[in-house]
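> FYI, in the UniProt record's numbering the residues of the sequence shown are 1 to 388.
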Amino acid sequence: MKKILIVCRSYYPNIGGGGEYSTKTLAEMLLGIGYKVEVLTIYNEDVVNEISGVKITRIKFKNIYWSMHKGKGTFNKILWHLIDSNNLFLKKTLAHKIEEINPDVLISSTIEDVSSIIWKVAKEKGIRSVHIIRSYSLMCVNANMFKDDNCINQCSSCKIMTLSKKKNSNYVDDVVGISRFVLEKHIQYGYFPNARKHIIYNSCIEDVLDKRKYDGFLDCNFKIGFLGRIHKTKGIECLIQSVNNIPENLRRCITILVAGDGDENYIEELKKLCSSMQFKYEFLGNLPASKFLDMLDVLVVPSQWNEPFGRVIAESMGRKVPVIGSAVGGIPELLSFNKDFLFSTDQELTDILIKYFERKLSFNFNLERFMDESISKNWIGLLDEMEL
Numbered sequence: 001m002k003k004i005l006i007v008c009r010s011y012y013p014n015i016g017g018g019g020e021y022s023t024k025t026l027a028e029m030l031l032g033i034g035y036k037v038e039v040l041t042i043y044n045e046d047v048v049n050e051i052s053g054v055k056i057t058r059i060k061f062k063n064i065y066w067s068m069h070k071g072k073g074t075f076n077k078i079l080w081h082l083i084d085s086n087n088l089f090l091k092k093t094l095a096h097k098i099e100e101i102n103p104d105v106l107i108s109s110t111i112e113d114v115s116s117i118i119w120k121v122a123k124e125k126g127i128r129s130v131h132i133i134r135s136y137s138l139m140c141v142n143a144n145m146f147k148d149d150n151c152i153n154q155c156s157s158c159k160i161m162t163l164s165k166k167k168n169s170n171y172v173d174d175v176v177g178i179s180r181f182v183l184e185k186h187i188q189y190g191y192f193p194n195a196r197k198h199i200i201y202n203s204c205i206e207d208v209l210d211k212r213k214y215d216g217f218l219d220c221n222f223k224i225g226f227l228g229r230i231h232k233t234k235g236i237e238c239l240i241q242s243v244n245n246i247p248e249n250l251r252r253c254i255t256i257l258v259a260g261d262g263d264e265n266y267i268e269e270l271k272k273l274c275s276s277m278q279f280k281y282e283f284l285g286n287l288p289a290s291k292f293l294d295m296l297d298v299l300v301v302p303s304q305w306n307e308p309f310g311r312v313i314a315e316s317m318g319r320k321v322p323v324i325g326s327a328v329g330g331i332p333e334l335l336s337f338n339k340d341f342l343f344s345t346d347q348e349l350t351d352i353l354i355k356y357f358e359r360k361l362s363f364n365f366n367l368e369r370f371m372d373e374s375i376s377k378n379w380i381g382l383l384d385e386m387e388l
């Protein structure tokens, strides 16, 4: 079996977001299939350990800081991006580690801190490289292409700051989008011109239920959930306003449940907004996804920005909780079997909630695309088609 080296900005237990969870899942899935798997990642110091059978080599960052450390000033952030785009300080270390590990295939799962220079190093060593696009970090210094609204085009400052990343993408042999949307967005701007293109969804469903655990239809206690980072780009204000637009006779049966964290001042603003309206609500803080989803009748994903994937959608479907999502980014792709559950305006969300509450809509729980078996087959197909 081929030896796979996965490189990433951080690895469990250092979690910055969904990318780190997805990287760990990928490493363990490939190991379970039978591939030899090692991970090369960035850290505060040089450390080697093993987690769930996967050898982890952690190397000290060679930039002004490690991006897992938050709260840096504007000047330092600009300097960090300039170095990270083509980190020559890290190149020698990367080359040495790649020679030492000697993989057949290198997979870059999250490229921040590792730097896109690793693709050039892999090409120089004759090692095939695969990059997984999980965000817009190759195109945007904020990694979300959102400034007050979704960016229609790449701004001039981001073009300049990411020029080396785009150039280094020429060295990549295969590129994987976690949705068609995020893959095509990069192709549109000229990234990965020489790579074979693939779409492989994240593996994120651990425990599939036969039926939903909670049913608020029975006692007129209909629970609508929001799960994730509490931020303006996530659209929670849209959800609040849409629920408030529901007729009073239905609204009095509704409770909004919010799980996740964010800026404390913003959360307090949202609580005040909810208090001024006529429905029940609870902010529950961080909870395990499955525990929270099992409390709900429906999950709403009202994102304003172009989500590359939308992990909570697949997780919710696995717990047999229907999902209503905004028609942005990769979300319509994940809800392609449930187009009646997509919305673009507050009023459309209100209308869908009313129809679902009145049982005029039914949800299709088509999970095959998100199951480990399907995702494993896609990865085997990609890795085995490579000519080494």
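Positions of the beta carbon are idealized from the N, C-alpha and C atoms, including for glycine. As the structure is a prediction and not an experimental result, all values here were calculated from the model.
Check for me: the alpha helix (DSSP H) holding V243 runs from which residue to which?
Taking the first residue of the sequence shown as 1, we reach residue 243 at position 243. I236 to N244 is the span of the alpha helix (DSSP H), which, as asked, contains V243.
> Tell me the rounded alpha-carbon separation between residue 401 and W119.
Outside the shown range of the chain (1 to 388) lies residue 401, about which nothing can therefore be said.
> Is C158 closer than 8 Å to A314 when the C-beta atoms are compared?
Counting from 1 along the sequence shown, the entry for residue 314 is found at position 314. Counting from 1 along the sequence shown, the entry for residue 158 is found at position 158. Against a cut-off of 8 Å, the Cβ pair of C158 and A314 comes out as no contact.
> Any idea what DSSP makes of R58, helix, strand or coil?
The sequence position of residue 58 within the sequence shown is 58, counting from 1. Three-state result, R58: strand.
> Whole angstroms is fine: what's the gap from L388's alpha carbon to L30's?
Walking along the sequence shown from the start, residue 388 turns up at place 388. Walking along the sequence shown from the start, residue 30 turns up at place 30. Bear in mind that the predicted position of L388 carries a pLDDT of just 44, short of 50, making it unreliable; the figure below should be weighed with that in mind. Using only the alpha carbons, I get a separation of about 18 Å.
> Per DSSP, what kind of secondary structure is L388 in: helix, strand or coil?
One-based indexing of the sequence shown puts residue 388 at position 388. Note that L388 scores 44 on pLDDT, short of 50, meaning its location in the model is unreliable; the coordinates nonetheless yield the value given after this. Coil at L388, not helix or strand.
> Suppose the cutoff is 7 Å on Cβ atoms and the five residues either side in sequence are ignored; what does the same chain contact list for F283 look like?
For the purposes of this step, residue 283 is taken as residue 283 along the sequence shown, with counting starting at 1. Hits under 7 Å: V258, I267 and K271.
> Please name the residue in A327, S376 and K123 whose C-alpha comes closest to that of K234.
Here residue 234 refers to the residue found at position 234 when the sequence shown is read from its first residue. Minimum Cα distance to K234 is reached at A327.
> Does the pairing of the region 244-259 with the region 206-226 give three or more beta-carbon distances under 8 Å?
At 8 Å Cβ cutoff, the stretches touch.
> Apart from the five residues just before and just after D297, which ones in its own chain have a Cβ nearer than 6 Å to its Cβ?
For the purposes of this step, residue 297 is taken as residue 297 along the sequence shown, with counting starting at 1. G216, F222 and K223.
> Residue range of the beta strand (DSSP E) that S316 falls in?
In the sequence shown, the residue the question calls residue 316 occupies position 316. First-last for S316: R311 to G318, but that is the alpha helix (DSSP H), not the beta strand (DSSP E).
> Spell out the partners DSSP gives S108 in its beta bridges.
Within the sequence shown, the letter at position 108 stands for residue 108. For S108, which the question treats as bridged, DSSP gives the partners V7 and H131.
> Leaving out five residues on either side along the sequence, give the residues of the same chain with a beta carbon under 8 Å from the beta carbon of D263.
In the sequence shown, residue 263 corresponds to position 263, counting from 1. Excluding sequence neighbours, D263 sits near I230 and H231.
> Residues in the same chain with beta-carbon distance under 6 Å from D340, minus the five sequence neighbours each way, listed in chain order, please.
Numbered from 1 along the sequence shown, position 340 holds the residue referred to as residue 340. Only L361 meet the Cβ criterion.
> Under 8 Å: do the region 134-147 and the region 161-176 share three or more Cβ pairs, one atom per stretch?
Verdict: yes, contact present.
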